[in-house]
Amino acid sequence: MNENILTIKDGRTEKTYSLPVERGTIRAIDLRQIKEDAEDFGLMTYDPAFMNTASCRSSITFIDGDRGILRYRGYPIEELAEKCTFLEVAYLVLNGELPSEKQLADWVYEVKHHTMLHETTKKFLEGFRYDAHPMGMLVSTVAALSTVYPEARNVLDPQVRRHQIARLIGKMPTIAAYTYRHSLGLPYVYPDNDLGYTANFMNMLWKMVEPKYAADPVLARALSILFILHADHEQNCSTNAMRAVGSSQADPFVSVAAAAAALSGPLHGGANEQVLRMLDAIGTTENIPSYIEQVKAGKLKLMGFGHRVYKNYDPRARIIKWTAEQVFQVTGRNPKLDIALALEKIALEDEYFVKRKLYPNVDFYSGIIYQAMGFKPDMFTVLFAIPRTVGWLAHWDELMRDPEQKIARPRQVYTGADVRHLPAEKPKILVGSAV
Ligand code: SDX
Numbered sequence: 015m016n017e018n019i020l021t022i023k024d025g026r027t028e029k030t031y032s033l034p035v036e037r038g039t040i041r042a043i044d045l046r047q048i049k050e051d052a053e054d055f056g057l058m059t060y061d062p063a064f065m066n067t068a069s070c071r072s073s074i075t076f077i078d079g080d081r082g083i084l085r086y087r088g089y090p091i092e093e094l095a096e097k098c099t100f101l102e103v104a105y106l107v108l109n110g111e112l113p114s115e116k117q118l119a120d121w122v123y124e125v126k127h128h129t130m131l132h133e134t135t136k137k138f139l140e141g142f143r144y145d146a147h148p149m150g151m152l153v154s155t156v157a158a159l160s161t162v163y164p165e166a167r168n169v170l171d172p173q174v175r176r177h178q179i180a181r182l183i184g185k186m187p188t189i190a191a192y193t194y195r196h197s198l199g200l201p202y203v204y205p206d207n208d209l210g211y212t213a214n215f216m217n218m219l220w221k222m223v224e225p226k227y228a229a230d231p232v233l234a235r236a237l238s239i240l241f242i243l244h245a246d247h248e249q250n251c252s253t254n255a256m257r258a259v260g261s262s263q264a265d266p267f268v269s270v271a272a273a274a275a276a277l278s279g280p281l282h283g284g285a286n287e288q289v290l291r292m293l294d295a296i297g298t299t300e301n302i303p304s305y306i307e308q309v310k311a312g313k314l315k316l317m318g319f320g321h322r323v324y325k326n327y328d329p330r331a332r333i334i335k336w337t338a339e340q341v342f343q344v345t346g347r348n349p350k351l352d353i354a355l356a357l358e359k360i361a362l363e364d365e366y367f368v369k370r371k372l373y374p375n376v377d378f379y380s381g382i383i384y385q386a387m388g389f390k391p392d393m394f395t396v397l398f399a400i401p402r403t404v405g406w407l408a409h410w411d412e413l414m415r416d417p418e419q420k421i422a423r424p425r426q427v428y429t430g431a432d433v434r435h436l437p438a439e440k441p442k443i444l445v446g447s448a449v
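The numbering of the sequence shown is our numbering, which starts it at 15 and goes up by one.
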């Protein structure tokens with residue numbers, strides 16, 4: 015018996031088909047041979063929101079949603095968060111192996127020498143209203159970088175790809191910090207290459223008139239851990255957007271802008287901001303039961319809960335909870351943590367959430383830390399976009415190297431009107447007539 019064959023019998027024609035099974039999948043294109051008659055287009059799969067469709071083969075990130083497992087290139091996220099720096103993990107996610115000491119030194123030097131923005135890009139940012147949402151500014155400014163680096167369109171050249179990858183990883187914190195400073199009417203702070211990746215980000219955010227910014231090492235490390243946790247997550251919505259736009263051979267700047275736009279949605283990376291707004295709306299632990307009842311009535315979502323893949327505790331949420339305690343030793347405890355912990359306890363004991371396997375995801379606790387660090391809620395998704403740029407670029411590079419990939423162009427099931435004609439009496443439009 016050949017166990018790697020799926021045998022399908024078409025009841026419409028009594029014909030039988032044998033489809034090869036590879037890595038737990040059948041190729042959708044193999045279904046096209048299944049026809050009712052010679053005129054038939056053949057079978058397709060119908061899979062709204064890609065609930066059960068693999069769009070690619072990838073060796074970057076592995077998730078086991080039932081067991082709450084997350085690994086980058088085979089390394090458990092818990093070990094990476096505990097023993098690596100963010101740029102070390104970025105190198106791993108992008109290249110497939112952890113860097114040697116020299117490789118890491120060269121990589122850090124390369125990223126650090128791409129942190130500056132072209133002065134015209136700073137002026138571009140100044141055009142936004144003072145109250146513009148930072149994600150809107152970030153998405154627009156990242157797209158604008160494609161006008162500064164036109165050579166980035168040579169996406170088939172690996173060296174060109176690598177150069178833009180370093181540029182984007184270097185510049186994302188700078189753009190993010192500038193959106194924050196713009197919202198406060200503060201002058202931009204230039205990067206300081208003496209500082210590490212997250213310490214320099216803090217420098218560009220919070221340096222005032224002191225000659226040299228001194229980042230609190232606990233907060234710098236906490237941000238580094240948070241960035242590691244957010245670096246990649248296989249085929250999430252924004253990475254899917256990155257792959258779709260990148261598949262047309264668009265340059266990486268507009269592709270990352272498209273991915274960041276997808277991330278901004280409240281069901282995806284925008285959830286961390288919505289969690290804080292939800293905790294503010296709940297106000298006190300006494301109000302939790304009535305809020306939960308509204309969620310169970312379908313009137314509200316419990317933001318920061320649930321996941322398409324994880325049907326167990328999101329391993330990142332567990333690490334974030336631990337990191338929160340480290341941060342609070344410096345910033346003081348964020349009282350919203352008490353509401354979040356009570357909310358989690360009640361939800362995890364309630365049949366509605368248990369039955370639907372809804373657990374806290376990466377966004378449930380991250381905002382509480384960010385707020386304790388001094389970030390406003392509208393900056394939270396920007397803090398997600400900075401590290402996720404690594405994942406988007408790793409998947410983009412993998413896509414560009416994958417011989418099986420071509421421009422993404424799904425099919426559809428047409429449900430519209432059959433052919434019909436305009437009224438015979440309707441006159442033709444003649445050239446020159448008013449339109
Ligand atoms: C991220 O994909 C990724 O990997 C994303 C991410 C990453 O690293 O890239 O992990 C980051 O985006 C995390 C998710 C952040 N979003 C939120 O916290 C928003 C709240 N969560 C939900 O909107 C929802 O859980 C999703 C969007 C995350 C997942 O949605 P699915 O997989 O489409 O599930 P669903 O909406 O079909 O829900 C199944 C059931 C439904 O109930 P029934 O219709 O069966 O009665 O669970 C319910 C939903 O109503 N449900 C929730 C809920 N999430 C799902 N009910 C209340 N509150 C929620 N949060």
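Glycine is no exception: its CB is placed at the ideal position from the N, C-alpha and C atoms. Fair warning: this is a prediction, and the values are worked out from it, not measured in the lab.
Beta carbon of residue i: closer than 7 Å to some heavy atom of the ligand SDX?
i    : result
D377 : yes
M149 : no
V323 : yes
V309 : yes
R370 : yes
N326 : no
L281 : yes
K313 : no
G79  : no
N66  : no
G82  : no
H132 : no
M516 : Because the chain is modelled from 15 through 449, residue 516 falls outside the range shown and cannot be assessed.
H247 : yes
G56  : no
A285 : yes
C251 : yes
G495 : In the structure displayed, the chain extends from 15 to 449; residue 495 sits before or after that span and is not available.
G320 : yes
For residue i and residue j, what's the separation of their Cα atoms in angstroms?
i    : j    : result
E165 : K315 : 44 Å
S380 : T212 : 16 Å
L407 : C98  : 20 Å
V169 : L355 : 46 Å
V445 : R434 : 25 Å
T75  : E102 : 16 Å
E140 : L131 : 13 Å
E412 : Y324 : 24 Å
A180 : K313 : 44 Å
A454 : K440 : Residue 454 cannot be examined here, being either before or after the span of the chain that is shown, 15 to 449.
F267 : T161 : 9 Å
H196 : L372 : 38 Å
P90  : E111 : 14 Å
A190 : R347 : 26 Å
V35  : D246 : 28 Å
I48  : I421 : 25 Å
E92  : V107 : 15 Å
T21  : M393 : 52 Å
I183 : V125 : 7 Å
L234 : N18  : According to the sequence as given, residue 234 is Ala; it is not Leu. If I take the Cα positions, the gap works out to 50 Å.
F389 : K310 : 31 Å
K29  : K23  : 6 Å
V156 : Y123 : 22 Å
Under a Cβ-count criterion, where at least 16 other Cβ atoms within 10 Å of its own Cβ denotes burial, should residue i be classed as buried or exposed?
i    : result
L240 : buried
F398 : buried
V259 : buried
I43  : exposed
N375 : buried
Q178 : buried
S73  : exposed
K185 : buried
G320 : buried
R87  : buried
R175 : buried
Y428 : exposed
T134 : exposed
To the nearest whole angstrom, what separates the beta carbons of residue i and residue j, a pair I think is in contact under 8 Å?
i    : j    : result
M256 : H409 : 6 Å
G285 : V341 : Note on identity: in this sequence residue 285 is Ala, with Gly being the wrong assignment. Actually they do not touch by this definition, with Cβ atoms about 20 Å apart.
F215 : L198 : About 16 Å separates the two Cβ atoms, so there is no contact after all.
L243 : R402 : In fact, because the Cβ distance is near 10 Å, the residues do not count as touching under 8 Å.
P205 : T188 : 6 Å
I306 : I360 : 6 Å
Would you say residue i reaches chain D, if we count a Cβ-Cβ gap shorter than 8 Å as a contact?
i    : result
V376 : The question asks about chain D, but that chain is absent: this structure has only one protein chain.
Is any heavy atom in the ligand HEM found nearer than 7 Å to the beta carbon of residue i?
i    : result
F398 : The ligand HEM is absent from the structure shown, which contains only the ligand SDX.
- Quick check: the stretch 411-431 against the stretch 278-296, are there 3 or more CB pairs under 8 Å? no
- If we count Cβ pairs, one from each stretch, closer than 8 Å, do we get three or more for the stretch 207-224 versus the stretch 418-432? no
- Query: Contact between the stretch 245-254 and the stretch 344-359: three or more CB pairs below 8 Å?
  - Reply: no
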